[in-house]
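Report on one structure; see the data block that follows.
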Amino acid sequence: MAATRTPKTRSKVTIDDYLLSEHQLEEMYYYMLLARRLNERMLAMNRQGRAPFVIAGAGQEAAQVGAAMALRKGEDYVAPYYRDLGVNLVLGMTAREAMLNLLGKRDDPNGHGKQMPAHWGHRERKVVTQSSVVTTQFLHATGIALAAKLRKDPVVVLTSCGEGSTSKGDFHESLNFAAVHKLPVIFFVENNGYAITESTEKSLPVENVADRARGYGIQSAVVDGMDCVAVYQTVRPAVDQARRGGGPFLIEARCYRLWPHSSDDDDTRYRPKKELDEWIKKDPLTLFRGRVESDGIFPKEDLDEIEQRVAEEVRDAAQWAMMQPDPEPEDALTFVYKELD
Amino acid sequence: MAATRTPKTRSKVTIDDYLLSEHQLEEMYYYMLLARRLNERMLAMNRQGRAPFVIAGAGQEAAQVGAAMALRKGEDYVAPYYRDLGVNLVLGMTAREAMLNLLGKRDDPNGHGKQMPAHWGHRERKVVTQSSVVTTQFLHATGIALAAKLRKDPVVVLTSCGEGSTSKGDFHESLNFAAVHKLPVIFFVENNGYAITESTEKSLPVENVADRARGYGIQSAVVDGMDCVAVYQTVRPAVDQARRGGGPFLIEARCYRLWPHSSDDDDTRYRPKKELDEWIKKDPLTLFRGRVESDGIFPKEDLDEIEQRVAEEVRDAAQWAMMQPDPEPEDALTFVYKELD
Amino acid sequence: MATMTVIEAVRSTLDEEMARDDRIFLLGEDVEAGGVFRATDGLHAKYGERVIDSPLAESSIIGISIGAAHYGLRPVAEIQFADFIHSGFDQLCSEASRWSYRTNGDSFLPMVVRAPWGGGVHGGQHHSQSIEAYYSHMPGIKVVAPAFPADFRSLLKASILDPNPVLFLEHKRIYRLIKQDVDNAPAETQLSRARITRPGADLTIIAYGFMLHESLSAAETLAGEGIDCMVVDLLTLNPLDTETILESAKATGKVLVVHEDTLTGGLGGEISAIIAEHAFEYLDAPIRRIAGPDVPAMPYHHAMEEFFMPNREKIAAAARDLAAY
Amino acid sequence: MATMTVIEAVRSTLDEEMARDDRIFLLGEDVEAGGVFRATDGLHAKYGERVIDSPLAESSIIGISIGAAHYGLRPVAEIQFADFIHSGFDQLCSEASRWSYRTNGDSFLPMVVRAPWGGGVHGGQHHSQSIEAYYSHMPGIKVVAPAFPADFRSLLKASILDPNPVLFLEHKRIYRLIKQDVDNAPAETQLSRARITRPGADLTIIAYGFMLHESLSAAETLAGEGIDCMVVDLLTLNPLDTETILESAKATGKVLVVHEDTLTGGLGGEISAIIAEHAFEYLDAPIRRIAGPDVPAMPYHHAMEEFFMPNREKIAAAARDLAAY
Ligand SMILES: Cc1ncc(C[n+]2csc(CCOP(=O)(O)OP(=O)(O)O)c2C)c(N)n1
Ligand SMILES: Cc1ncc(C[n+]2csc(CCOP(=O)(O)OP(=O)(O)O)c2C)c(N)n1
Ligand SMILES: [Mg+2]
Ligand SMILES: [Mg+2]
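Chains as they are written, first to last, in the numbering used here: chain A, 1 to 341; chain B, 342 to 682; chain C, 683 to 1007; chain D, 1008 to 1332.
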């Protein structure tokens, strides 16, 4: 059964209730904010004709940052999906790299200009290269987990996708194999309510995406994906358990796609304005900031300081990236095959 | 949850307890026996070098006949799999046609010599043409059910496969779509314990195949697949419910593959003799005959008479079929495309 | 006069056909809202349950269409981008292509799978692919790839009426780029018929889709240089119109085959081989091919994308060489 | 001397390689029990958890191999019959073939996918297929299809050592049919190298797999008739050894390409096109192709199967015509 985790109503709260250090909480806010501001700037650059395409994670930052922070950086593997800018920032991607990726610059470590923006991949950071084809990464993650188990390495793999992507056959083949072999893989589904224009009920016959785990005897949980702390508190134990040999876990983070599907999409033709307005009130950034402020974890000034730091980083990254070299036309011919050195 | 149905322990039983007419019970025995004897003769012909390949349903006759008898012949659709000789016999295939199919004769209505034996298909009988590729038929069945629903036709579709085949992505995509659209389709899984050499636990992370239904909110049942009456009593209500708009149903018939996978297989290298011997005691034919005899439904003579009738039919079918025309070599070129008449 | 774009040609034809035959229904991702390219705009409002949003699962879109077509309906499935048809390869190859063959025509599949294909749209590796070569090597499947709005209308109609599975390819780049007065333009109504779009005496350019337009403008340029190019629009890629291919090759003795798909194993190889086998004695020059380079897929950055894409200049340059041969 | 069959060559090589490198593991259906063709017999007993029975799910066999190879292991996956690889087409095309390309070689996939292919074994439509054309049109993937036991050994080794995804095709018909003293036979150790197996002056026959053997015996017959055939074994189908193909074509000026796969869109078209473009001036005759007919798949009944399959007689007949041209 899927255990739902909602933030407990608290009287007088101290930092101890967060089960996170001040530094971790600060990081959370920083990464969520950085992801959002980068996405905002990217969209602006798209409108200015500087970037042909933007696909963003607005509304999913809490889910992404909370999940990524539960991992061992540089040791655990991640097979993310296109919205996971937040995940990549936590794992070490810089704002400048994010902008190189947006512009398809030669030095983008993800796709070197060969890949669309938001198609992540960074070998050293253990971020698996991804295609646009949804859910294929679930099998790659399962294969990495199998390999780690065969080598007896204490590695956990986290792979993510949207709720719509759980309808693909590869979803079934991944969870089935991972369950049979009790592999250390976390299937992290960011349920943002839509698959482009299709609302969740058009592809999900059960109440929760997490319920899909039942057919495999896989443990699962549903968590409020707008609450970064709750996400961390849910993913962390699942990761630790997987590392101890406890097998796979399916986690559904309930969040919302605050923006259109991509810079090419007009969501007004299928999404009720009222629904959007309701969710905007639950924006993970305002929610987090309001909470740590009212709980007195951080004085307003510190948070403002983070805001300024992020704004500066984003401004610098955009300007810097635009001046970086484009790929050469002939680079289109490189690395079709890997040569043995 | 998967409800298990086992034959109730009975004191003094009358035909009423079977909830089947004498005629139906006689048919059950006849079809199960015909399937078995045909398969036996086919294997003999293979050993004699008369048939290159045989794949049989020995041990699954009760499941197949019980399920098929729950359908409306000629109205409901069936998308079967290669072991389903029993299903096809109930739906109208003659012993002679079964032998034409074995020998790839020109007039085999299933494959016209173009298909391997046991690759069924008969448009009038509403048996969907099948390939060797497992589980693809689950989507065809789902599509037929969607079409019937769109046309508001009171048609139910039953599709079957082995337990191993439920690991394919198409299984997931079928059950998901059928559940979302509440389609009149029965997914009938004949769990015979093996996928060629692989025992069930190598591909099934849960106790029952039926448990896979949980991830889709689909109703399911596990039934003793060696008990033809129990299978009928389980499938029939599911079919009626689906016809009334109650949506899909997943039924797992627990049976056993009494023979090697096919005429090419040597099961002694992977299957414990003891296990086989245990299951032979549960042979659906002996089980059924013993039961109706001891319950006094049929006198021994009637059953012997059926045995003789079947033996005669099989002998005739084999001899007749061997004399039927082979396809012409050039028939290999026909019907690549359907021409509009 | 009705001047329309390619996307309008597709949308209007779907509308007219659905009005004509209530067995036709649409199945695909986001089709209820009109689809990402708006090819089905307004059809859900007009035809209700006959326009069905599918879950995100391509094998199911094709496999379910197979079942529905077998039942007697006329599914027109949409694969959102041709690049995503690959997980449906098994249902098309192992099942759809063999349905009539293995039943001796007793069963058959009147179904259409629409797929936006091709590059030059900043789509990167998974929104730019040419998939025609895979399906043109699949007897039992028909593959259609028009270039002009009028042909999109007439051939989409023909595809829907055809009793066989048809992969109907719509080049994304020309969806809104190419306009035509469809009432007064030539429209091919038969599948498997190529068209000599432009007559010419010096050499023959064979192309389809977006590349047909690039070939025509290359021919324009070359005309100014006194090189008279014949341009053939294949229209249907499987089965091929071998007759027209050979006729056009024999007419000039010099052939240039153009496609955007990568060179090796692309459809151009088959066309060249047909000519090399059956028009050998008419050839005055090597059969040239202009195609995408042998890399896995089209890169995203416009500099590399342009490098990958064949275009009028590259075609004209190759044609000049050939003419001079 | 070690005379062995093709299947023994495969099995012994897997054994030796697994002993050499403990990163190599096997994944596939029924491989623990030895597989349906016994290619992995005894390996589970010897290597335990490094021989893994997969659930019946081909996309997962390939997708999981991709992940494991990315991690640094050396998966050798088995697809039980090449006919069943189709549901893994997406993982091979969209993912495996692009791994190195899209990461500029930062990530790469040292993985092998073994697949028994080909007909003439009463396998019917789904146990007889030739799949090489699809994967030879997939830059980033390598495709290997040897004909002799010694090459099976050396090229399977090379495939396992290669840092790229390799589709290793094993023709079912020759598994036990062809024997060879592998210690004293020529063995190609490099991928992408074709071999002129038989020198000849009158015409060139290009083939691979089972058809290579049929071509050799056709050449034997023709030698008796005074027709001297060169026979080329392609060995690797992607990337092709264009140099050897052109050299052999130029040497005789008459080319016959043979494959069992269906004609249209088959690999023969590409080979013919390469020659028609780059060896045109050396050609003395049309480039002929002998291939399976354009039907969806090989029929089951032996009469139709024989009709479908190219063989030494059909090859010899075509070669005679060509020689007489
Ligand atoms: C196999 C495949 N089919 C179709 C698409 C086109 N597509 C891109 S995103 C998307 C919707 C995905 O929805 P979801 O999984 O919920 O993720 P979200 O975008 O909502 O985060 C679709 C259909 C694709 N990328 N891959
Ligand atoms: C997609 C696919 N992969 C592999 C095979 C080869 N194969 C034929 S039957 C079989 C095992 C099927 O097991 P199960 O589903 O349990 O059915 P059973 O044969 O036991 O009745 C396999 C692997 C196939 N037919 N299709
Ligand atoms: Mg979503
Ligand atoms: Mg089984």
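Don't be surprised by glycine CBs; every beta carbon is placed ideally from N, CA and C.
A quick note: this is a predicted structure, and the numbers were derived from the prediction, not measured.
Interface residues of chain D facing residue i [CB-CB closer than 8 angstroms]
i, result
"C/T944", "H1144, P1146"
Alpha-carbon to alpha-carbon, residue j and residue i
i, j, result
"A/T151", "D/E1056", "Before going on, a small fix: residue 151 of chain A reads as Arg here, not Thr. Between A/R151 and D/E1056, the C-alpha separation is close to 11 angstroms."
"A/D107", "A/A210", "38 angstroms"
"C/I953", "D/G1276", "8 angstroms"
"C/T685", "C/A829", "15 angstroms"
"D/F1287", "C/A967", "7 angstroms"
"C/A931", "C/L965", "8 angstroms"
"A/Y337", "D/T1196", "18 angstroms"
"B/A397", "B/R391", "16 angstroms"
"B/R632", "B/K641", "11 angstroms"
"C/P975", "D/H1220", "33 angstroms"
"D/I1213", "A/T129", "39 angstroms"
"C/D844", "D/F1217", "37 angstroms"
"C/L885", "C/R970", "11 angstroms"
"A/K126", "C/A985", "29 angstroms"
"B/A658", "B/L375", "11 angstroms"
"C/A979", "A/V189", "28 angstroms"
"A/S294", "A/K281", "17 angstroms"
"B/F676", "B/S473", "19 angstroms"
"A/L250", "A/V180", "15 angstroms"
Contacts of residue i in chain B (Cβ-Cβ under 7 angstroms)
i, result
"D/M1218", "Simply none; closest approach about 18 angstroms."
"C/P845", "K679, L681"
First and last residue of the uninterrupted alpha helix (DSSP H) at residue i
i, result
"D/A1298", "Per DSSP, D/A1298 belongs to no alpha helix (DSSP H); it is in the beta strand (DSSP E), 1295-1299."
"A/E173", "169-180"
"C/D735", "Here C/D735 belongs to no alpha helix (DSSP H); instead the beta strand (DSSP E) covers 733-735."
"D/F1287", "Per DSSP, D/F1287 belongs to no alpha helix (DSSP H) and is neither H nor E."
First through last residue of the beta strand (DSSP E) which encompasses residue i
i, result
"C/I706", "706-710"
"C/T903", "Careful: C/T903 lies outside any beta strand (DSSP E), inside the alpha helix (DSSP H) at 892-906."
"B/D494", "It is not in any beta strand (DSSP E) - B/D494 carries neither H nor E in the DSSP assignment."
"D/H1266", "1262-1269"
Where residue i meets chain A, residues with beta-carbon distance less than 9 angstroms
i, result
"D/A1064", "G169, H172, E173, N176, F177"
"C/F989", "E328, P329, E330, D331, A332, L333"
Proximal residues of chain C, C-beta to C-beta of residue i below 8 angstroms
i, result
"D/H1309", "The contacting residues do not exist; D/H1309 stays about 17 angstroms from chain C at best."
"D/D1097", "H768, S769, F771"
Burial state of residue i, where buried means 16 or more other Cβ atoms lie within 10 Å
i, result
"D/E1313", "exposed"
"A/M323", "exposed"
"C/R877", "buried"
"B/S544", "buried"
"A/T268", "exposed"
"C/K824", "buried"
"A/H23", "exposed"
Chain C residues whose Cβ lies nearer than 7 angstroms to that of residue i
i, result
"A/Q137", "The contacting residues do not exist; A/Q137 stays about 13 angstroms from chain C at best."
Beta-carbon neighbours of residue i, restricted to chain B and to distances below 9 angstroms
i, result
"A/S203", "N517, F518, V521"
Proximal chain A residues relative to residue i, where beta-carbon distance stays under 8 angstroms
i, result
"C/P978", "V336"
Interface partners of residue i on chain B, CB under 8 angstroms
i, result
"C/S742", "L480, T483, D511, E514, S515, N517, F518"
"C/H808", "Per Cβ cutoff of 8 angstroms: no residues; C/H808 is ~19 angstroms from chain B at best."
Neighbouring residues, chain C, relative to residue i (Cβ below 9 angstroms)
i, result
"B/R464", "H752, T785, D788, S789"
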